[in-house]
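Position 46 of the sequence shown, counting from 1, maps to 47 under the working numbering, and the rest follow consecutively.
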Amino acid sequence: MTEDTKQRSGLVMVAAFDGWNDACQAATNVIRHLVKHYESREIRHISCDGFYDYQVSRPMMCHVTGRARIIWPQTTFYEIALSRRQRIIAQIAPEPNYRWREYCRQSLHIAEELDVDHVVTLGAMFADCPHTRPLPISISSGSRACEDDRQYNGPIGIPTVLDAMADEAGFATTSMWVSLPQYLGSEECAQGTLELMRGLSCLTGIEFDESGLAEKTRRWEAQASMLLRCNDHLADYVRHLEREYDLNAEAERDASIGAPQAEQLVKETEDFLRSMG
(Lines of atoms letter the chains of each structure in order from A and count residues from 1; the text may use other names and numbers.)
(Lines give C-alpha, C1' and ligand atoms only; values in the text may rest on other atoms or scores of the structure.)
Protein backbone atom coordinates (compact mmCIF):
# COMPACT_ATOMS: atom_id res chain seq x y z
CA MET A 1 0.00 0.00 0.00
CA THR A 2 1.49 3.32 -1.07
CA GLU A 3 1.29 6.57 0.84
CA ASP A 4 -0.63 8.09 -2.09
CA THR A 5 -3.27 5.36 -1.79
CA LYS A 6 -3.63 5.93 1.95
CA GLN A 7 -4.11 9.65 1.44
CA ARG A 8 -6.58 9.13 -1.38
CA SER A 9 -9.08 6.66 0.10
CA GLY A 10 -9.72 7.45 3.77
CA LEU A 11 -11.77 4.23 3.87
CA VAL A 12 -12.21 2.37 7.17
CA MET A 13 -12.62 -1.40 7.54
CA VAL A 14 -14.14 -2.59 10.83
CA ALA A 15 -13.48 -6.23 11.76
CA ALA A 16 -15.08 -8.37 14.49
CA PHE A 17 -14.94 -12.11 15.18
CA ASP A 18 -17.27 -14.49 16.99
CA GLY A 19 -15.80 -16.59 19.77
CA TRP A 20 -13.17 -16.00 22.45
CA ASN A 21 -12.75 -12.34 21.47
CA ASP A 22 -16.45 -11.52 21.61
CA ALA A 23 -17.99 -11.70 25.08
CA CYS A 24 -21.80 -11.53 24.84
CA GLN A 25 -21.44 -10.92 21.07
CA ALA A 26 -20.95 -7.24 21.85
CA ALA A 27 -18.34 -6.75 19.09
CA THR A 28 -19.90 -8.74 16.24
CA ASN A 29 -23.28 -7.19 17.04
CA VAL A 30 -21.81 -3.83 16.01
CA ILE A 31 -21.39 -5.24 12.49
CA ARG A 32 -24.82 -6.89 12.54
CA HIS A 33 -26.43 -3.63 13.68
CA LEU A 34 -24.77 -1.60 10.92
CA VAL A 35 -25.67 -4.17 8.25
CA LYS A 36 -29.28 -4.16 9.45
CA HIS A 37 -29.72 -0.38 9.68
CA TYR A 38 -27.92 0.74 6.51
CA GLU A 39 -27.86 -0.20 2.85
CA SER A 40 -25.35 -3.06 2.76
CA ARG A 41 -24.09 -5.60 0.29
CA GLU A 42 -21.73 -8.56 0.47
CA ILE A 43 -18.68 -7.82 -1.63
CA ARG A 44 -16.04 -10.42 -0.67
CA HIS A 45 -15.70 -13.74 1.13
CA ILE A 46 -12.88 -15.89 2.47
CA SER A 47 -13.50 -19.61 2.05
CA CYS A 48 -13.77 -21.65 5.23
CA ASP A 49 -11.61 -24.52 3.91
CA GLY A 50 -8.34 -24.84 5.79
CA PHE A 51 -9.16 -22.26 8.47
CA TYR A 52 -11.81 -23.99 10.62
CA ASP A 53 -12.20 -27.06 12.80
CA TYR A 54 -15.75 -28.09 12.02
CA GLN A 55 -16.14 -29.81 15.39
CA VAL A 56 -15.62 -26.37 16.97
CA SER A 57 -17.22 -24.09 14.35
CA ARG A 58 -19.88 -26.43 13.08
CA PRO A 59 -21.72 -25.95 9.77
CA MET A 60 -25.45 -25.27 10.13
CA MET A 61 -28.43 -26.89 8.40
CA CYS A 62 -30.89 -24.38 6.97
CA HIS A 63 -34.16 -25.07 5.12
CA VAL A 64 -35.03 -22.47 2.49
CA THR A 65 -38.21 -22.81 0.38
CA GLY A 66 -38.46 -26.46 1.38
CA ARG A 67 -34.89 -27.34 0.42
CA ALA A 68 -32.11 -28.25 2.84
CA ARG A 69 -28.92 -26.23 2.61
CA ILE A 70 -25.69 -26.54 4.60
CA ILE A 71 -24.25 -23.19 5.71
CA TRP A 72 -20.49 -23.38 6.26
CA PRO A 73 -18.49 -20.99 8.48
CA GLN A 74 -17.06 -18.20 6.37
CA THR A 75 -15.75 -14.67 6.44
CA THR A 76 -17.97 -12.03 4.87
CA PHE A 77 -16.98 -8.50 3.87
CA TYR A 78 -19.76 -5.94 3.55
CA GLU A 79 -19.82 -2.53 1.95
CA ILE A 80 -22.07 -0.38 4.14
CA ALA A 81 -23.40 2.89 2.71
CA LEU A 82 -23.89 5.27 5.63
CA SER A 83 -24.91 8.12 3.32
CA ARG A 84 -24.39 9.14 -0.28
CA ARG A 85 -20.82 10.15 0.51
CA GLN A 86 -19.88 7.96 3.47
CA ARG A 87 -19.23 4.23 3.47
CA ILE A 88 -17.27 1.71 5.47
CA ILE A 89 -16.18 -1.87 4.93
CA ALA A 90 -17.09 -4.45 7.58
CA GLN A 91 -15.53 -7.87 8.12
CA ILE A 92 -17.33 -10.48 10.26
CA ALA A 93 -16.48 -14.14 10.85
CA PRO A 94 -16.04 -16.85 13.44
CA GLU A 95 -12.50 -16.74 14.80
CA PRO A 96 -10.46 -19.16 12.64
CA ASN A 97 -8.98 -22.26 14.26
CA TYR A 98 -5.97 -22.64 11.96
CA ARG A 99 -3.42 -20.70 9.84
CA TRP A 100 -3.99 -17.30 11.39
CA ARG A 101 -1.17 -15.57 9.54
CA GLU A 102 -2.41 -16.77 6.16
CA TYR A 103 -5.95 -15.78 7.12
CA CYS A 104 -4.82 -12.27 8.05
CA ARG A 105 -2.78 -11.96 4.85
CA GLN A 106 -5.91 -12.79 2.84
CA SER A 107 -7.98 -10.32 4.87
CA LEU A 108 -5.47 -7.52 4.31
CA HIS A 109 -5.16 -8.36 0.62
CA ILE A 110 -8.92 -7.86 0.30
CA ALA A 111 -8.67 -4.64 2.31
CA GLU A 112 -6.02 -3.33 -0.07
CA GLU A 113 -8.11 -4.33 -3.11
CA LEU A 114 -10.98 -2.30 -1.67
CA ASP A 115 -8.70 0.72 -1.12
CA VAL A 116 -8.98 0.57 2.67
CA ASP A 117 -6.42 2.61 4.59
CA HIS A 118 -7.57 2.20 8.21
CA VAL A 119 -8.26 -1.17 9.86
CA VAL A 120 -10.30 -1.10 13.10
CA THR A 121 -10.59 -4.32 15.13
CA LEU A 122 -13.32 -4.71 17.74
CA GLY A 123 -13.40 -7.02 20.75
CA ALA A 124 -15.26 -7.61 24.00
CA MET A 125 -14.01 -9.28 27.18
CA PHE A 126 -15.32 -10.12 30.64
CA ALA A 127 -13.84 -8.09 33.49
CA ASP A 128 -14.43 -6.94 37.07
CA CYS A 129 -16.55 -3.89 36.28
CA PRO A 130 -20.01 -2.83 37.47
CA HIS A 131 -22.99 -2.63 35.13
CA THR A 132 -24.06 0.58 36.94
CA ARG A 133 -21.22 2.61 35.41
CA PRO A 134 -20.17 3.29 31.80
CA LEU A 135 -18.50 0.13 30.51
CA PRO A 136 -14.72 0.64 30.14
CA ILE A 137 -13.37 1.04 26.60
CA SER A 138 -9.70 0.41 25.77
CA ILE A 139 -8.45 1.97 22.52
CA SER A 140 -4.98 1.59 21.00
CA SER A 141 -3.94 3.20 17.72
CA GLY A 142 -0.79 2.18 15.89
CA SER A 143 2.20 2.56 18.20
CA ARG A 144 0.12 4.42 20.83
CA ALA A 145 -1.03 1.57 23.04
CA CYS A 146 -3.48 2.15 25.87
CA GLU A 147 -2.43 1.36 29.44
CA ASP A 148 -4.16 -2.05 29.41
CA ASP A 149 -2.31 -3.12 26.25
CA ARG A 150 1.05 -1.88 27.55
CA GLN A 151 0.70 -3.99 30.69
CA TYR A 152 -0.95 -7.10 29.23
CA ASN A 153 0.93 -10.39 28.98
CA GLY A 154 -1.06 -13.45 27.97
CA PRO A 155 -3.06 -15.17 25.24
CA ILE A 156 -4.36 -13.14 22.32
CA GLY A 157 -7.02 -13.62 19.67
CA ILE A 158 -7.31 -13.02 15.94
CA PRO A 159 -8.18 -9.28 16.29
CA THR A 160 -4.79 -8.63 17.90
CA VAL A 161 -2.96 -10.59 15.19
CA LEU A 162 -4.87 -8.81 12.41
CA ASP A 163 -4.17 -5.45 14.04
CA ALA A 164 -0.43 -6.17 14.30
CA MET A 165 -0.13 -7.47 10.74
CA ALA A 166 -2.15 -4.52 9.38
CA ASP A 167 0.21 -2.12 11.15
CA GLU A 168 3.24 -3.92 9.68
CA ALA A 169 1.64 -3.72 6.21
CA GLY A 170 1.32 0.07 6.44
CA PHE A 171 -2.35 0.46 7.28
CA ALA A 172 -3.49 2.88 9.94
CA THR A 173 -4.78 0.69 12.78
CA THR A 174 -7.01 0.99 15.82
CA SER A 175 -7.87 -1.72 18.33
CA MET A 176 -11.00 -1.15 20.42
CA TRP A 177 -12.16 -3.39 23.29
CA VAL A 178 -15.08 -3.08 25.69
CA SER A 179 -15.10 -4.68 29.15
CA LEU A 180 -18.30 -6.38 30.31
CA PRO A 181 -19.39 -7.43 33.82
CA GLN A 182 -18.44 -11.08 34.19
CA TYR A 183 -21.07 -11.67 36.91
CA LEU A 184 -23.91 -11.23 34.40
CA GLY A 185 -23.02 -14.25 32.27
CA SER A 186 -23.04 -14.65 28.51
CA GLU A 187 -26.38 -13.12 27.48
CA GLU A 188 -26.15 -10.48 24.76
CA CYS A 189 -25.02 -7.11 26.11
CA ALA A 190 -26.49 -4.20 24.15
CA GLN A 191 -24.65 -1.73 26.39
CA GLY A 192 -21.32 -3.18 25.25
CA THR A 193 -22.36 -2.89 21.62
CA LEU A 194 -23.51 0.69 22.19
CA GLU A 195 -20.20 1.64 23.85
CA LEU A 196 -18.24 0.23 20.91
CA MET A 197 -20.52 2.01 18.43
CA ARG A 198 -19.95 5.31 20.20
CA GLY A 199 -16.21 4.72 20.34
CA LEU A 200 -16.25 3.99 16.62
CA SER A 201 -18.29 7.14 16.07
CA CYS A 202 -15.70 9.28 17.89
CA LEU A 203 -12.90 7.63 15.91
CA THR A 204 -14.47 8.11 12.48
CA GLY A 205 -16.46 11.29 13.05
CA ILE A 206 -19.58 9.46 11.83
CA GLU A 207 -22.79 9.60 13.86
CA PHE A 208 -24.24 6.09 13.63
CA ASP A 209 -27.89 5.13 13.84
CA GLU A 210 -28.39 3.67 17.35
CA SER A 211 -32.03 2.69 16.81
CA GLY A 212 -33.08 -0.10 19.13
CA LEU A 213 -29.85 -0.26 21.14
CA ALA A 214 -30.97 2.18 23.83
CA GLU A 215 -34.11 0.14 24.57
CA LYS A 216 -32.16 -3.12 24.61
CA THR A 217 -29.68 -1.48 27.00
CA ARG A 218 -32.48 -0.44 29.36
CA ARG A 219 -33.78 -4.02 29.42
CA TRP A 220 -30.26 -5.34 30.10
CA GLU A 221 -29.83 -2.90 32.99
CA ALA A 222 -33.26 -3.78 34.42
CA GLN A 223 -32.46 -7.50 34.35
CA ALA A 224 -29.12 -6.86 36.06
CA SER A 225 -30.77 -4.74 38.77
CA MET A 226 -33.36 -7.48 39.38
CA LEU A 227 -30.55 -10.01 39.78
CA LEU A 228 -28.91 -7.85 42.44
CA ARG A 229 -32.16 -7.44 44.36
CA CYS A 230 -32.40 -11.22 44.56
CA ASN A 231 -28.81 -11.81 45.66
CA ASP A 232 -27.38 -9.86 48.61
CA HIS A 233 -23.89 -11.31 48.16
CA LEU A 234 -23.81 -10.18 44.51
CA ALA A 235 -25.14 -6.75 45.49
CA ASP A 236 -22.26 -6.34 47.98
CA TYR A 237 -19.79 -7.39 45.30
CA VAL A 238 -21.16 -4.83 42.83
CA ARG A 239 -20.96 -2.07 45.47
CA HIS A 240 -17.30 -2.99 45.93
CA LEU A 241 -16.76 -2.74 42.15
CA GLU A 242 -18.51 0.64 42.12
CA ARG A 243 -16.16 2.01 44.80
CA GLU A 244 -13.11 0.78 42.88
CA TYR A 245 -14.46 2.21 39.62
CA ASP A 246 -15.14 5.62 41.16
CA LEU A 247 -11.72 5.78 42.85
CA ASN A 248 -9.96 4.90 39.60
CA ALA A 249 -12.02 7.47 37.68
CA GLU A 250 -11.10 10.14 40.23
CA ALA A 251 -7.41 9.22 40.02
CA GLU A 252 -7.53 9.44 36.21
CA ARG A 253 -9.18 12.88 36.40
CA ASP A 254 -6.46 14.09 38.78
CA ALA A 255 -3.73 12.68 36.55
CA SER A 256 -5.22 14.43 33.51
CA ILE A 257 -4.76 17.88 35.02
CA GLY A 258 -2.14 19.58 32.85
CA ALA A 259 0.60 21.95 33.93
CA PRO A 260 -1.37 25.19 33.27
CA GLN A 261 -4.31 23.89 35.31
CA ALA A 262 -2.01 22.76 38.11
CA GLU A 263 -0.30 26.17 38.17
CA GLN A 264 -3.68 27.89 38.35
CA LEU A 265 -4.72 25.69 41.28
CA VAL A 266 -1.46 26.52 43.10
CA LYS A 267 -1.96 30.26 42.48
CA GLU A 268 -5.57 30.13 43.74
CA THR A 269 -4.42 28.26 46.86
CA GLU A 270 -1.66 30.81 47.54
CA ASP A 271 -4.10 33.70 47.08
CA PHE A 272 -6.52 32.07 49.48
CA LEU A 273 -3.82 31.52 52.12
CA ARG A 274 -2.66 35.16 51.81
CA SER A 275 -6.24 36.38 52.25
CA MET A 276 -6.50 34.28 55.42
CA GLY A 277 -3.39 36.01 56.80
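The C-beta atom is built at its ideal place from N, Cα and C for all residues, glycine as well.
No experiment lies behind these values; they were computed from the predicted model shown.
- Just so you know, the alpha carbons of Cys130 and Ala252 end up roughly 16 Å apart.
- Judged by DSSP secondary structure, Cys203 falls within the alpha helix (DSSP H) whose first and last residues are Ala191 to Thr205.
- For Ser226, the enclosing alpha helix (DSSP H) covers residues Leu214 to Arg230.
- With a 10 Å radius around the Cβ and a threshold of 16 neighbouring Cβ atoms, Ala27 comes out buried.
- With contacts defined as CB atoms closer than 9 Å, Ser142 and Ser180 fail to qualify as a contacting pair.
- Setting aside the 5 residues that flank it on each side, Gln107 is surrounded in the same chain by Ile47, each with a C-beta closer than 8 Å to its C-beta; the list follows chain order.
- Between the alpha carbons of His119 and Asp247 lies a gap of roughly 34 Å.
- In the DSSP assignment, His46 falls within the unbroken beta strand (DSSP E) covering Glu40 to Ile47.
- For Thr122, the number of other beta carbons within 10 angstroms of its own is at least 16, and it is reported as buried.
- The beta strand (DSSP E) runs lying completely inside the region 128-183 and spanning 3 residues or more are 138-142 and 173-182, given in chain order.
- The bridge partners DSSP lists for Val120 are Met14 and Thr174.
- The count of Cβ pairs closer than 8 Å, one atom from the region 195-215 and one from the region 157-170, stays below three, leaving the stretches out of contact.
- Here the alpha carbon of Cys25 sits roughly 10 Å from the alpha carbon of Gln183.
- Around Trp101, the same chain offers Ile159 and Val162 as residues with beta carbons nearer than 7 Å, after the five sequence neighbours per side are excluded.
- Per the Cβ contact rule, the region 59-75 is not in contact with the region 110-117 (fewer than 3 Cβ pairs under 8 Å).
- Annotation for Ala82: no alpha helix (DSSP H) segment contains it, though the beta strand (DSSP E) segment containing it runs Thr76 to Ala82.
- Under the 8 Å Cβ criterion, the region 75-86 counts as touching the region 32-39, having at least three qualifying pairs.
- Taking a C-beta distance under 9 Å as the contact criterion, Ile90 and Leu201 do not qualify as a contact pair.
- Exclusion of the five residues before and after Leu109 leaves Val120, Leu163, Met166, Ala167, Ala170 and Phe172 as the residues of its chain whose Cβ lies within less than 8 Å of its Cβ.
- A direct Cα-to-Cα measurement between Val15 and Ala128 gives close to 23 Å.
- Considering only Gly20, Ala223, Gln224 and Glu243, the residue with the shortest C-alpha distance to Pro137 is Glu243.
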